[in-house]
Amino acid sequence: MVTSAATAATVRYRWPWDLPSVARAAQDDLLGFVHDHFEAKGDRVRFVVGPKSIYRTRSAADAHRILVDDAKQFDKPRSGLGIDPVRTLLGNGGLILLNGDTWRRHRRMVQPSLLRSRIAGYAPIMRQVAEEHVARLTPHTVIDLQQFFGRLTLDLVCRLLFDVPMGQDYDRVRALLDDVQASLARVATQPAWAPTPNNLRYKAAVRRLDRFMFRLIDDRLAQGAAALAGRTDVLSTLCSAADDEDDRTFTRRELRNELVTLFLAGHDTTALALTWAGFELGRRPDVDAALADELGGGDDRTYTRAVLDETLRLYPSAYAVIREANTATTLGPFEVPAGSNVAVWSIFIHRHPAHWPRPLRFDPDRFLPGAALPTAPGAYIPFGAGTRVCIGKHFALMEAAILLEALFAKYRVDTTDVAMPRIVAGPTLSPRGGIPARLLPR
Ligand code: HEM
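Using my numbering, the first residue of the sequence shown is number 198, and each one after it goes up by one.
Structure representation (structure tokens):
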């Protein structure tokens, strides 16, 4: 039994002899591998393979300290497994990776295009596209929820982020984004420098995407300020965004990096949250009935939101948040040298019995008004915390609620025959093999 008082210990592997077995274990089941260390050693684990240590924590107090109170001591990491391929894709730029003044400037410039007031206008398009996708489904057939929500959210990226007109270009950008995302999942846990077939395929996919993105950006910039002002998609808004402080606009490359960042950070994360929500709803008739009740009633969406909040507790798509100490510091009993990576494992904080009774049970009631949520800061961080909190949180929650409603108002989804899938901790948290679900009309 884990206690709330954070304990700590070191897990040491021999360099280089243990490297292949560590790499294999991490690739086969990263979540299980890290979980076992926490269970065996406590809430803070120093993981040593070779000359460098990685510091891992599942303490809510550490999360709050690293992301909020002492955030200035921690930067986005410059390198590490899983980070290098993202750097390749984001051209070493983009909000997710940037630090310091450049990050602050980009955040100031991107933020307005994702404000709650601004994105409210996207709701009708989200609803329309979702209803089109649902209308194409055949009752009593089995669909893969991950594929269904993946295609639907990708369609929304193409419309709302880029506003590519339906037709050849639309199919092309959809295919390019799909390809890059699938390739990234294959290389996420491999060293980026190795000329493996997967790495080479990945780099080629990024180059193809780049050619398309630059053409799209150039076409949009050529339309001029007046035409851009009349458009509502995120690309057009970013093309005309100017910094409040010095009036500078984004360069073409910065625009490309920010757009690909928004795609990367926002597409799969939302699709997978919906996939996991569908999986749980499909095997919990009581929760499904409460949701259907709300959807069949008025405009109140309190229960829908609780279902999403609970999904992101148990299956936070961004399951760990990583930082690099920019100065020597400590983590519990550990001395953490400057330059070390510190990983906050949100998923294990969200499943920590010190904060969440019956943590593995899917129970949206925890999030209903009046329920006793944990009071410890850092105990619930699906969108991160502090200055680097997810910039797309409102967008994601609005999109997820609309898409969930579109499917669940029409269908009951049956996943009772599906065994709990292995949870793959790749770029996001996905079910190995997808989630097959039978569609039963309401
Ligand atoms: C359910 C869906 C989503 C989840 C669970 C999620 C989660 C997160 C988390 C945990 C972070 C903080 C990472 C860190 O501190 O290192 C983050 C940052 C970010 N997210 Fe999201 N996100 C979601 C949807 C979106 C969407 C829809 C967009 C864009 C439209 C988006 C764009 C971003 C960006 C650009 C950042 C970096 C912000 C910065 O560092 O300034 N996310 N997200």
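Yeah, the Cβ is synthetic: ideal placement off N, Cα and C, and Gly gets one too.
| Check | Outcome |
| --- | --- |
| Could you check whether ALA438 and THR448 sit closer than 9 Å to each other, using their CB atoms as the reference points? | no |
| Please report how far the alpha carbon of GLY279 lies from the alpha carbon of PRO571, in whole angstroms. | 31 Å |
| Is the closest heavy atom of the ligand HEM to the C-beta of GLY581 under 8 Å? | yes |
| Would you call GLN365 buried or exposed, if buried means 16 or more other Cβ atoms sit within 10 Å of its Cβ? | exposed |
| Nearest-angstrom Cα distance between PHE545 and HIS232? | 8 Å |
| Look up ALA379 in the DSSP assignment and say whether it is helix, strand or coil. | helix |
| Using 8 Å as the threshold, is the stretch 373-393 in touch with the stretch 263-272, meaning 3 or more CB pairs across them? | no |
| How about PRO213 and GLY239: are their beta carbons less than 9 Å apart? | no |
| Going by C-alpha to C-alpha distance, which of ALA332, ALA593, VAL208 and LEU264 sits closest to VAL586? | LEU264 |
| What are the boundary residues of the alpha helix (DSSP H) that SER543 is part of? | 543-547 |
| Taking the straight line between their C-alpha atoms, what separation do you get for PRO142 and ASP259? | The requested residue 142 is not part of the displayed model; the chain covers only 198 to 639. |
| Determine the extent of the alpha helix (DSSP H) in which PRO217 is found, giving its start and end residues. | 216-238 |
| Where does the unbroken alpha helix (DSSP H) through PHE605 begin, and where does it stop? | 590-607 |
| Near LEU286, which residues of its chain fall below 7 Å by C-beta distance, leaving aside the five closest residues on each side in sequence? | VAL377, LEU381, VAL403, VAL457 and LEU461 |
| Does DSSP classify MET198 as helix, strand or coil? | Confidence at MET198 is low in this model, with a pLDDT of 35, below 50, so its placement is unreliable and no value can be given for it. |
| List, from N- to C-terminal side, the beta strand (DSSP E) runs of 3 residues or more that fit wholly inside the stretch 427-515. | none |
| In angstroms, rounded to a whole number, what distance separates the CA positions of PRO392 and LEU216? | 19 Å |
| Indicate whether the contact test is met: 3 or more Cβ pairs, each with one atom in the stretch 464-481 and one in the stretch 323-337, closer than 8 Å. | no |
| What I want to know is whether the C-beta of ILE293 ends up closer than 8 Å to one or more non-hydrogen atoms of the ligand HEM. | yes |
| Which whole-angstrom value is the C-beta distance of PRO579 and PRO513, which I expect to be below 8 Å? | 4 Å |
| Pick from GLU507, ALA470, PRO618 and LEU469: whose alpha carbon is nearest that of VAL484? | GLU507 |
| Return yes when the Cβ of ILE322 is within less than 9 Å of the Cβ of LEU358, no when it is not. | no |
| With a threshold of 8 Å, establish whether the CB of ALA462 neighbours any heavy atom of the ligand HEM. | yes |
| Which one of ALA223, TYR319, TRP542 and GLU596 has the shortest CA to CA distance from ALA470? | GLU596 |
| Does the beta-carbon distance from TYR252 to VAL533 come in below 9 Å? | yes |
| Between the stretch 481-498 and the stretch 630-637, do at least 3 Cβ pairs fall closer than 8 Å? | no |
| In the DSSP assignment, find the unbroken alpha helix (DSSP H) run with ASP562 in it and report its ends. | Element bounds for ASP562: n/a, residue is neither H nor E. |
| Taking the C-alpha atoms as reference points, what is the distance between ILE582 and ASN454? | The sequence given here places Ala at residue 582; Ile does not occur at that position. Between ALA582 and ASN454, the C-alpha separation is close to 23 Å. |
| By how many angstroms is the C-alpha of THR527 removed from the C-alpha of ALA573? | 21 Å |
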